[in-house]
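Just so we're aligned, residue 1 is where the sequence shown starts under the working numbering, counting upward by one.
The beta-carbon is built from N, C-alpha and C at its ideal position, and this holds for glycine as well.
Okay, so here's the structure we're looking at.
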Amino acid sequence: MKKCISMLLVLMVGASLLMAGGAKETSITPKKGETVTIKMWTHDDLYRQFFQKRIDMMNANNKDYQIALDTQIMPNTITSLITASVAGETLPDLIGVEQGWFPTLMEDGNVDTFLVDLTDKIGDRYDDYVQGRWALYTYEGKIYGLESALTASVLYYQPAIFEKYGVAIPTTWEDYIEAGKKLAANGVKIGVMDNDPSGIFSMMFLQRGGQFFNQDGKLVLGEGENREAAVKVLDMLRDALDANALQVVLGNEFWGSTIPTAFSTGKVAGMVAPDWYNTSVLQPGVASMAGNWRVAPMPVWEDGSGYRTSVWGGTGFAITQSSKIKDIVWDVLNDAYMSLDGQLDRYKTIGFYPTMYEALDSPAVTEEEHPFFGGQKIGAVFADVALETPPLWQSPARPFLLQALVDNLPLFIEGKLSSAEFIDTVVKITERDAKL
């Protein structure tokens, strides 16, 4: 991992020098009747489907020129952007940036070299959107990407299991642990413990008000209230693990058949996960269980600390500095992500909950009945907690932190590291590898 990051940084320096060598391209104006092609890179075909739909609608109402979308699907768009820049290859106009990749561009202040600052274009509409979603693509006070999903976390659960054993649906984490112990006595796990760097530990930590980095990108996990929050979360997870209340699933196994099988056989009652988990993982994995699931708000902390929900993941879309059609690309992005119709259409088309408050409160979201969840209006649950979505501040050191979490969470799970030792180890490794 360290070697890969180091090589990427070397490439990025070369790419930034090449791109900085000439003036940044200005946006050209298409001729009447011309077809303009937007080159888009993304890691998920769902985005191609949505943007193509919006472009088709724009074309139907534009008599001056037409837009064609040329999409490439690739595992890591930012790595590809950097390597293609060094090689002098054709670059995209519109690029999907998974939030975990954004810190790569922050190294040595290279964000502005590759991506267009969208702050002025967003303008006074900033407050119309869930605040925590801006932080993912913010660097030195400037916003470089628009987020695709709320990614708010909730409790997905099977009501029949809780009813069978006379266990109430937990509303606090303290209740959650006690409910987990009761279910464990009957051979059922209440949830899942993973070592994904954005998984259950991170969700609970952010919900409690903790941050790995501050707004300036400084590592603060080991300091003051952040350390206290992390230890509190880990101690609670330790209690649940010792009670055999959580199903341990590590690495890529998290995305395989293990969890769906545990759900369908009644071995695991549910799990805390973000909105996208529903359409991307849960429903495809247990399609035969349609009607047997429900959604509840994420458990909160009994002492009132933190937020009512948390976050996991996100993908922002950005405009590249190399694009010669920046204004046209912005028109598409503005329509798809900054308009009420676009936000609601994205929800309808690919199932990602809106980041715009007005869209979240729309009956199209809050009143929709979902057959998979027994007709429950789950959009109302997400809308209710959206105002309390925590931010996640970025840093050039974040890739090193994420790897330290992945490597050391299994040691904590196995009991080889205490809560305090785990935090100290992650901080020490991050400082060493990121050369802080």
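Ordered along the chain, which non-local residues of its own chain (more than five positions away) have a Cβ less than 8 Å from that of E369?
-> Numbered from 1 along the sequence shown, position 369 holds the residue referred to as residue 369. Counting only Cβ-Cβ distances below 8 Å, and skipping sequence neighbours, we find G375, Q376 and K377.
Euclidean distance between Cα positions of D117 and Y139 = Against the sequence shown, residue 117 aligns to sequence position 117. Against the sequence shown, residue 139 aligns to sequence position 139. Going from the Cα of D117 to the Cα of Y139 covers about 10 Å.
How big is the Cα-Cα spacing for D433 and E253?
-> By 1-based counting over the sequence shown, the position of residue 433 is 433. By 1-based counting over the sequence shown, the position of residue 253 is 253. If I take the Cα positions, the gap works out to 27 Å.
So what does DSSP say about P297, is it helix, strand or coil?
-> To locate residue 297, count along the sequence shown from 1; it is residue 297. It is a strand residue.
Taking the continuous alpha helix (DSSP H) assigned at P363, which residues delimit it?
-> The count along the sequence shown starts at 1 and reaches residue 363 at position 363. Counting along the chain, the alpha helix (DSSP H) containing P363 begins and ends at P363 to T366.
Mind checking whether P197 and Q403 have CB atoms under 9 Å apart?
-> Along the sequence shown, read from residue 1 onward, the residue named residue 197 stands at position 197. Along the sequence shown, read from residue 1 onward, the residue named residue 403 stands at position 403. A contact, by the Cβ cut-off of 9 Å.
Can you name, in chain order, every residue of its own chain whose Cβ lies under 7 Å from the Cβ of S419, other than the five neighbours on each side?
-> Mapped onto the sequence shown, residue 419 falls at position 419. The answer, listed in chain order, is V231, L234, D235 and R238.
Range covered by the alpha helix (DSSP H) that runs through I28 | Along the sequence shown, read from residue 1 onward, the residue named residue 28 stands at position 28. First-last for I28: undefined, no H or E at that position.
Secondary structure, beta strand (DSSP E): runs of 3+ residues fully inside the stretch 35-73 = 35-42 and 66-73
Run through DSSP, which three-state label would S153 get?
-> Taking the first residue of the sequence shown as 1, we reach residue 153 at position 153. Residue state, collapsed to three classes: strand.
Rounded distance between the beta-carbons of K189 and A243, thought under 8 Å | Start at 1 with the first residue of the sequence shown, and residue 243 comes out as number 243. Start at 1 with the first residue of the sequence shown, and residue 189 comes out as number 189. 10 Å between Cβ atoms; not a contact.
Do you know offhand how far Y357's Cα is from G415's?
-> Residue 357 sits at position 357 when you count from the first residue of the sequence shown. Residue 415 sits at position 415 when you count from the first residue of the sequence shown. The alpha-carbon atoms of Y357 and G415 are separated by roughly 43 Å.
Same chain, Cβ closer than 6 Å to L360, neighbours up to 5 away in sequence not counted = To locate residue 360, count along the sequence shown from 1; it is residue 360. Contacts found: P354, A383 and A386.
Whole angstroms is fine: what's the gap from G88's alpha carbon to I413's?
-> As a first step, residue 88 must be located in the sequence shown, where it is residue number 88. As a first step, residue 413 must be located in the sequence shown, where it is residue number 413. About 46 Å.
Could you pull out every residue in the same chain whose Cβ sits closer than 8 Å to the Cβ of G21, ignoring the five residues on either side in sequence?
-> Walking along the sequence shown from the start, residue 21 turns up at place 21. Reliability of the predicted coordinates at G21 is poor, the pLDDT of 44 falling under 50, and the value obtained from them is presented with this limitation in mind. Counting only Cβ-Cβ distances below 8 Å, and skipping sequence neighbours, we find nothing.
Do I95 and A318 come within 9 Å of each other at the CB atom, strictly closer than that value?
-> If you number the sequence shown from 1, residue 318 lands on position 318. If you number the sequence shown from 1, residue 95 lands on position 95. Yes, Cβ-Cβ distance for A318 and I95 is below 9 Å.
Output the boundary residues of the alpha helix (DSSP H) element that contains A441.
-> Not covered by the structure: residue 441. The range shown for the chain is 1 to 436.
What is the residue span of the alpha helix (DSSP H) that M271 lies within?
-> Stepping through the sequence shown from its first residue, residue 271 is reached at position 271. M271 -> not in any alpha helix (DSSP H); beta strand (DSSP E) instead, spanning G270 to P274.
Expected contact under 8 Å - CB spacing of A68 and T35 to nearest Å = Along the sequence shown, read from residue 1 onward, the residue named residue 68 stands at position 68. Along the sequence shown, read from residue 1 onward, the residue named residue 35 stands at position 35. So it is a contact: roughly 5 Å between Cβ atoms.
Give the straight-line distance between the Cα atoms of G109 and G316, rounded to the nearest whole angstrom.
-> Position 109 of the sequence shown, counted from the start, is the residue given in the question as residue 109. Position 316 of the sequence shown, counted from the start, is the residue given in the question as residue 316. Approximately 19 Å, taken between the alpha carbons.
Just the C-alpha distance for Q247 and Y176, rounded to the nearest angstrom, thanks.
-> The sequence position of residue 247 within the sequence shown is 247, counting from 1. The sequence position of residue 176 within the sequence shown is 176, counting from 1. Distance between the alpha carbons of Q247 and Y176: 14 Å.
With distances taken Cα to Cα, identify the nearest neighbour of G342 among K31, P30 and K53.
-> Reading the sequence shown from its first residue, position 342 is the one you call residue 342. Comparing Cα positions, the closest option is K53.
What is the residue span of the beta strand (DSSP E) that A245 lies within?
-> The residue given as residue 245 occupies position 245 in the sequence shown. Taken as a continuous stretch (DSSP letters only), A245 belongs to no beta strand (DSSP E), as it is neither H nor E.
Excluding the 5 residues preceding and the 5 following Q72 in the sequence, name in chain order all residues of the same chain whose CB lies nearer than 7 Å to its CB.
-> As a first step, residue 72 is located in the sequence shown; it is residue number 72 there, counting from the start. Within the same chain, Q72 has close Cβ partners W41.
The alpha helix (DSSP H) with A262 in it runs from where to where?
-> Position 262 of the sequence shown, counted from the start, is the residue given in the question as residue 262. Looking at the DSSP string, the run of the alpha helix (DSSP H) that includes A262 is T258 to S264.
From P399, T425, R398 and F400, residue whose alpha carbon lies closest to that of N408 = On the sequence shown, residue 408 is found 408 positions in, with the first residue counted as 1. The candidate whose alpha carbon is nearest that of N408 is T425.
DSSP puts Y129 in a beta bridge; with which residues?
-> Position 129 of the sequence shown holds residue 129. M356, per the DSSP bridge assignment.
For the beta strand (DSSP E) containing D194, list its first residue and its last residue.
-> Taking the sequence shown and counting its residues from 1, one reaches residue 194 at position 194. It spans G191 to D194 - the beta strand (DSSP E) in which D194 sits, taken as one unbroken run.
Could you tell me which of R294, M204 and K218 sits nearest to E431, measuring between CA atoms?
-> In the sequence shown, counting from the first residue as 1, residue 431 sits at position 431. That would be K218, whose Cα lies nearest to the Cα of E431.
Output the boundary residues of the alpha helix (DSSP H) element that contains F422.
-> Indexing the sequence shown from 1 puts residue 422 at position 422. Looking at the DSSP string, the run of the alpha helix (DSSP H) that includes F422 is S419 to D433.
Nearest to N62 (by Cα), restricted to the options R308, A84, P30 and D45 | To locate residue 62, count along the sequence shown from 1; it is residue 62. When each option's Cα is compared against that of N62, the closest is P30.
Option in G256, F114, L241 and D93 with minimal Cα separation from F102 | Your numbering for residue 102 matches position 102 in the sequence shown. That would be F114, whose Cα lies nearest to the Cα of F102.
Short Cβ contact (9 Å threshold) for Y307 with Q207 | Taking the first residue of the sequence shown as 1, we reach residue 307 at position 307. Taking the first residue of the sequence shown as 1, we reach residue 207 at position 207. Contact flag set, yes.
Quick one: what does DSSP say Q283 is sitting in, helix, strand or coil?
-> Translated into positions along the sequence shown, residue 283 becomes position 283. Q283: helix per DSSP, three-state reduction.
Tell me whether the beta-carbon of I169 lies closer than 9 Å to the beta-carbon of L150.
-> The residue labelled residue 169 in the question sits at position 169 within the sequence shown. The residue labelled residue 150 in the question sits at position 150 within the sequence shown. Contact: no.
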